[in-house]
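Sequential numbering from 1 applies to the sequence shown in the UniProt record's numbering. Quick reminder that beta carbons are idealized off the backbone N, C-alpha and C, glycines included.
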Amino acid sequence: MDESSSSHTPQTVFDVFISFRGEDTRNTFVGHLYEALCKWGIRTFMDDMELLIRDNLSEELVKAIEESRILIVVLSENYASSKWCLRELVKIIGCVAETTRRVLPVFYHVDPSDVPHQSGNFKKSFDEHEEEAQKFIGEQKENYLEEVYAEVDSIKRITNLILDMLHHLKLVPSDTLKNLVDMQCRFFSMANLIDSESNEACFVGIVGMGGIGKTTIAQVFYNKFELEFDYSCFLRISTSNLVLLQYQLLRLVLKEDIKVQDEDQGADMIKIFLRGCKVLIVLDGVTTKRQLEKLAGSPDWFGPKSIVLITTRNREIFCQPNYKNKIQEYNVKLLSDEGALELFCKHAFRDGHPDENFMHLTWEIVQKVKGHPLALIKIGSSLYGRSIDIWELQLKKNFYDVLVQEDLFSVILRTSFEELDADCQNLLLDLACFFNGERVERVIEILESFDYGPTDIKLRLLVDRCLTDISHGRIQMHFLILCMSQAIAQGKLGTQRGIQTRIWLHEKIGLEYIQGIVDLGEEEELALEAESFRYMTALRILEIDNVKLYGDVQFLSNQLRLLNWSGYPSEYLPSSFQSQYLFKLHLRDSDVLQLWEGKKKFVNLKEIDVSGSKFLVETPDFSNVPNLRRLILRNCERLRYIHPSINILDRLVLLDLENCTSTSMSPALPSNPPLMKKVADLAEEAARKEYRQMSHLWPSKPAASNENLVGMEDQLGKVYKLLNLGRKDVVLFLGIFGMSGIGKTGIAKVVYYRIADEFESSCFLHISKQSNLISLQHQLLSQLLPKEDFQIWDKDCGVEMIKNYVRGRKILIVLDGVDEENQIKKLVGLAGSPDWFGPGSRVIITIGDREVLLRQPTYGDKMVEYNVALLDDASALRLFCNHAFKSDHPDDNFKDFCGEIVRKLEGLPLALRVIGSFLYNKDFATWEETLTRLNKVEQDFLDTILQRS
């Protein structure tokens, strides 16, 4: 050839050698063909330098021809005018004559009839050169032209033909695993499920979400082992027509045209023809049990050592008697961080490593996409060659739109979503819009009222179909599924374009379709016209707290299941509101005077929380609220009257009256022991909420607190000593543990106030049992970075953002009320992560269960502990009197009562404060009744409030 170059070292054995005229095709057809072959791991020699010595081919070029398994000759218009091309052709002819090598001629802008008949430009060239070459090309044309010429410009067609030739030569591309990112690990994990020693047919189900790489894994296995079987078939399930699929399978396996009349006959034919044969069958994209039943109904359909691979998004298809304990399931995992980075860079930079200028942006994108191969490829390709400004714009402003583009949706979610019934579709959208990251028990409790059928079963179905997952007891959706499901709810994807059914962004849309409104805490107020609720007749979920409302609320949908409106601005609920489905009513810090007048029927209502409602003066009639279990009235300072119907609520287990200083005890409150059993936990959570509401008002470096913790001065001194603030070269973690209500939060709060000025940045984070990890990460960063605007896409993204901020800085963090190991991991790092923080940093963790701390062994000497002690008798009496009499000493008339009550509360600070506050300004009869109740439920009460939180 006139210009050739080796892309590989001459010692390499090549799969393909390309002979071509450079000036005709190098930068067009041949260049693209070379890239396509290399992408498939086919080792290709494309010569591009002058490798002729005088009139002879160089030794390197000769060796490349001799060591190549398939020889492609690209016959362009001027091919025959090059003596170098014809010398190559002569050598190719000699190799084919002496070996079993194959030749594939490709006619590029040349009429194939010109070659054997020496017409056109070929006539002149062949007159001057080799007759033998002309004859050879003509013969090869007869062998291969009919397969190739119909799609002469199709790179895909030629690539597939090359792959087919390699298989028939029993030569599988050896570099395939190396060229596919993370494939070696995935391939061998799947292959290890196959028992090579067993004589039985083996079924392997390859399961995972769309675009995760199921087909690629099956393809690699098929290409590698196809020739070890009597028959093989790779069948893509591209139609729901089972008869057609059975026909395709039989034709691919038997290479015969066989007629199939119906599904049952097709199944019988597969059994008859393949029983006793060692077969390799890949069923790619199975969606239903019936497809599997009729294509590979049982392992006994096939001979010994047969292998059937089934790729699917739906593991439900394996739940059949014929496959019980006979299908090995391989769940395809997302790419590792390293693999995801490499794959993204291959498409964004055409290299396995990121450009240094784009390093931070690259890593941020990879973290958001969470190891999903197809998304990494699509997004990487879309950013190839773009400026850093475009990258930043896509990431900061348009990343959501990049993720929900139509082609990604079609591969990843469309089919799975459309195969769900209407209830499961709605359940998926509700999970994506309202409940991702929430505890499963809470989600099931809420959704049981949505008429979806058994919610736990439906949820299991979504898990089986790879549409969501459950991790550590919480709903966890992959970021892509999450975004695409939200886009469906917004009317941006799917069949209901333009119809938005759920709001969690601040948009105006068709109100009659709205099923849910959730405010995620954006800084911008959500502005609503009160009248607009009149048209939201389908509304089922309403959770808002940052709302500017125009007008008075005159209507709420009677389809509501969950009403959570902090700061509800009206004096009453609408008179027409009486939802039979409502099970949770939260109107914290509202303007209500009374929830409703007269009797209203809320048969499924289980929880009412109107805490902090400063104008509430009386509770409503509860006669028709038979299932009420929790009534939270704390901090309703003007509440004077509790309706006597509360006495008939036999399911009521929680009644919180903390700081209800005006409440009358007539009629008497129910003497229901379970109510008292919840006092400590309830009040502790109340205190946390108060602190949580105040926390955003705290300055970044708060002033020292003057709060006096009665009887705890010595304990504070011990905590300061453990913090060892004089050691500015180390990072220390302090775990404060003890029973519920013992004062862990109070100690941590005082310490925080007094030492926060010594740190660059500080955060006091309260964790409730309902806390969402992403929300907690957002709160933590909001306190550490009060002036920054940021968005956390998922908890792993939050981890990276926290780590990036605190690294190298002297930070003070208090995590108050930790009850899960995962909260520590996702907020201040995995065990051993003090290296996140700069020298002198301190992390204080208040916790009820010391075992959670003990499961952090690699903190080593960087973790110290303090066990909070109960108050002594004198301190307990003083604390109780501070709340019951606003004095350090008891009133003489109540001295005996004080002594009895304090002894029964056994020095537990929270119980002393709660009951003391309740008795403030109460009459003698109330004190006597309280002591009587404490005596009646003493053991249950103390067992509960003294237990670990």
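Is the beta carbon of V110 less than 8 Å from the beta carbon of I72? no
I believe L628 touches F622 by the beta-carbon criterion, under 8 Å. Please report the beta-carbon distance rounded to the nearest angstrom. 6 Å
Which value, in whole angstroms, describes the spacing of the CA atoms of P699 and A756? Any reading at P699 is ruled out, since the residue's pLDDT is 36, under 50, leaving its predicted position unreliable.
Count the other C-beta atoms from every protein chain shown that fall within 10 angstroms of the C-beta of T846, then say buried if there are 16 or more, exposed otherwise. buried
Indicate whether C424 and Q486 have their beta-carbon atoms separated by less than 8 Å. no
For L631, the residue or residues it bridges with in DSSP: I608 and L655
Just curious, the beta strand (DSSP E) that C233 is in, first and last residue? Y231 to R236
Are the CB atoms of T619 and N921 nearer to each other than 8 Å? no
Which listed residue (E342, F733 and G907) has its alpha carbon closest to that of S740: G907
Go ahead and label F14 buried or exposed: buried means 16 or more other beta carbons lie within 10 angstroms of its beta carbon, across all protein chains shown. buried
Considering only the alpha carbon of each residue, which of N325, P839, I767 and R850 lies closest to K826? I767
How far does the alpha helix (DSSP H) with S416 in it reach, from first residue to last? T415 to E418
Can you tell me the Cβ-Cβ gap for I258 and L250, rounded? I've got them flagged as a contact below 8 Å. 5 Å
What residue from L57, T28 and L75 has the CA that sits closest to S19's CA? L75
When the Cα atoms are used, what is the spatial distance from N882 to H889? 8 Å
Between the alpha carbons of F234 and A375, how many angstroms are there, rounded? 25 Å
Does the stretch 351-364 come into contact with the stretch 316-327, if we say contact requires no fewer than three beta-carbon pairs (one atom in each stretch) closer than 8 Å? no
Just to confirm the assignment, what range does the beta strand (DSSP E) spanning N564 have? L562 to W565
Kindly identify the DSSP beta-bridge partner or partners of V440. Beta-bridge pairing links V440 to no other residue.
What does the Cβ neighbour count give for Y231, buried or exposed, with the cut at 16 atoms within 10 Å? buried
H586 lies in the beta strand (DSSP E); which residues open and close that run? K584 to H586
Less than 6 Å between C-beta atoms, sequence neighbours within five positions excluded: which residues of the same chain meet that for S570? D552 and V553
Find out if the Cβ-Cβ distance for the pair M477, N426 is shorter than 8 Å. no
Buried or exposed by the 16-neighbour rule on C-beta atoms within 10 Å, applied to Y550: exposed
Using DSSP with H/G/I as helix, E/B as strand and the rest coil, what is H766? strand
Tell me whether the beta-carbon of H472 lies closer than 8 Å to the beta-carbon of N822. yes
Does the Cβ-Cβ distance between M863 and F764 come in under 8 Å? no
Test item: CB-CB of S590 and Y572 under 8 Å: no
Euclidean distance between Cα positions of D469 and K721: 44 Å
Quick one, which of R350, D351 and A340 has its alpha-carbon nearest I365's? A340
Answer with buried or exposed for T239, where buried requires no fewer than 16 other C-beta atoms within 10 angstroms of its C-beta. exposed
Can we say the stretch 899-906 touches the stretch 871-885, given the rule of at least three CB pairs closer than 8 Å? yes
What number of angstroms, rounded off, separates the C-alpha of G371 from the C-alpha of I377? 11 Å
Measuring CA to CA, which of D650, S576, G285 and I388 is closest to E597? S576
Of the listed residues Y452, A64 and H32, nearest to F45 (C-alpha basis): A64
According to DSSP, is N882 helix, strand or coil? helix
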